[in-house]
Amino acid sequence: MNRYWALLRRRDFALLWTGATVSALGDGMSFVALVWLLIERGGTPAEVGALAAVYTAPVIVGGIAAGILIDRFDPRRVLALDNLIRGAAVASVPIASALGALTTIHLFVVAAIYGLLFMTSAAGIPAMIPRLVEPDELTTANAMESISYGIAGLVGPTVAGVVIAVIGAPAVLALDALTYGVFVVCLLAMRSAGRPLASDAAAANGAGSGMGLGPAIRFVLGAPAVLTITIMYMCLNLSSGLAVVVLPIYVRDVLGSGSETFGLLLSALTAGELVGLIAVGAIGWPWPLGRSIAAAAFVSGLILGLWVFRPPAPVLAVILAGSGIVESSLTPWAQTIRMRLIPPELRGRVFALLRTLMQSTRPIGSIVAGLLLTTGDLTPALLAIASLVAVPGGIGLFLPALGRGPTAEPSTEPSPAPTPTG
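Note that the working numbering has the sequence shown beginning at 311, numbered continuously upward.
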């Protein structure tokens, strides 16, 4: 745990992480509240599905613009403006509810604003991290970023459910608006966006990059390690999109259980991910990161393959937790490799591009799951869930892109300064 305390003693990183964690917790509550308000207003299942789509689909458009803004301006101020706008949008719901003026369209507009601006923080935070910590602290810092989302996913919906039951859904959105305010205060309290890095001088002179998305695309296509890891993550998110649809069907049709079992199994997966993230961030990983990512994906897929044997709920909980423990290490390791390779002047655009690409495959996985389940046989979908994790990992064990350069360095060694080209 000493590695965590060392990072939290860095004032600006501690402010960034604290504000981001509080804001993520609020985000974990807000979607539950928006859906519940829609249901209370007589929303149909089709409208609930449309709200979920509006909540996520604008990420594709917003992600492109967010990356350009983060690279062009002080990322602290870009993130602060993002949180001010989203906070104001969310706060408008409880205000309208108190005035008796809340409409269904209002809920959809707020969801769309959230989706449009979501990638600003999702790309801006990892773009800032390398400026705030030392190279040999990147894996721990990236683990802490992932832990924030894990805490939000584990605690946020539960807190939202309790608050909705006690004082109503609008109060949840009021709390979320306050969390945005906390993040803004933390961002503005930071002394700066971080120390200058090796290629900042080149960036200041406009070397090698315009302000459009073209340089980011060219960098990704010219960086085999980054491209390989991105494709691997797109496959993992396809698997996740499948699992989100298959799990509740499995609970109902195979286990003969209800929502409480579904919730417990989701909690087992999230708990496993948090355990894995805490462990990865607390130790200095001594093995090559690229091969470690591939091995973790391969092992996680093999564990998920046990689902094909139709285990009872307690065994499935162990399988999901075990898979979560192993797979959770992928994100901090992958982020460390990206931060070693991506030039500082491109970080906002590249992180926005990569996270947009990776997020885009999750809904595709859900659509594929629906098609696979039309026969009533869960086996093809369960095999697909495991294969989309294990097969890319197995291939990655032999790819040269994951076995040389920064990908072959452990997380404990300082990395060489990045160059301004891909």
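A virtual CB, placed ideally from N, CA and C, is assigned to each residue, including glycine.
Just to check my reading of the structure: residue i and residue j have Cβ atoms closer than 8 Å, yes? What is that Cβ distance to the nearest angstrom?
i	j	result
L709	T538	6 Å
C545	P702	5 Å
E719	P598	7 Å
L663	L523	7 Å
L630	L552	Going by Cβ atoms, the distance from L630 to L552 rounds to 14 Å, so no, they are not a contact pair.
V556	L692	7 Å
I647	P716	6 Å
G713	R601	6 Å
R659	A526	4 Å
V388	G434	6 Å
P642	G591	6 Å
A294	A343	In the structure displayed, the chain extends from 311 to 732; residue 294 sits before or after that span and is not available.
V564	R620	6 Å
F529	I652	7 Å
G706	M542	6 Å
Can you name the start and end residues of the alpha helix (DSSP H) that residue i belongs to?
i	result
A691	T689 to G706
D666	The sequence given here has Thr at residue 666, not Asp. Here the alpha helix (DSSP H) through T666 covers R657 to L682.
F323	R321 to E350
Y373	Per the sequence shown, the amino acid found at residue 373 is Gly instead of Tyr. V369 to R382 is the span of the alpha helix (DSSP H), which, as asked, contains G373.
R441	T414 to L442
P404	P385 to A408
F529	G524 to L531
E637	A623 to E637
A499	A479 to A499
P642	L640 to L651
A316	N312 to L318
Just to confirm, are residue i and residue j a CB contact at a threshold of 8 Å?
i	j	result
V443	L317	yes
S549	V358	no
A437	F661	yes
W423	I395	In the sequence on display, residue 423 carries Ile and not Trp. For I423 and I395, yes; Cβs fall inside 8 Å.
C496	G329	yes
D258	S431	Because residue 258 is not part of the residues shown, which for the chain are 311 to 732, the question remains open.
A696	L614	yes
Y314	F341	no
M649	P440	yes
T450	V332	no
L417	L348	yes
M500	W327	no
L683	I559	yes
G397	N547	no
I474	W346	yes
L483	V400	yes
T414	R351	yes
(message) Quick check on the DSSP output: what are the complete alpha helix (DSSP H) runs of length 4 or more inside the segment 544-607, in order along the chain?
(response) The qualifying runs are 569-592.
(request) Decide if the segment 659-674 is in contact with the segment 369-381; the criterion is three or more beta carbon pairs, one per stretch, under 8 Å apart. (result) The segment 659-674, when compared against the segment 369-381, does touch it at the 8 Å Cβ threshold.
(request) Take every Cβ of the segment 607-616, pair it with every Cβ of the segment 570-577, and state whether three or more of those distances are shorter than 8 Å. (result) No: the two stretches stay apart, fewer than three of their Cβ pairs being nearer than 8 Å.
(message) Would you call the segment 401-416 in contact with the segment 475-483, where contact means no fewer than 3 C-beta pairs closer than 8 Å?
(response) By the criterion of at least three beta-carbon pairs nearer than 8 Å, the segment 401-416 is in contact with the segment 475-483.
(request) Please confirm if the segment 630-644 is in contact with the segment 325-345, defined as three or more CB-CB distances below 8 Å between the two stretches. (result) They do not touch, by the three-pair rule.
(message) For the segment 637-645 against the segment 425-432, do three or more pairs of beta-carbon atoms, one drawn from each stretch, fall closer than 8 Å, so that the two count as touching?
(response) With a cut-off of 8 Å on Cβ pairs, the segment 637-645 is not in contact with the segment 425-432, counting fewer than three such pairs.
(request) Please determine if the segment 456-465 and the segment 584-604 are in contact, where contact requires at least 3 C-beta pairs separated by less than 8 Å. (result) They touch, by the three-pair rule.
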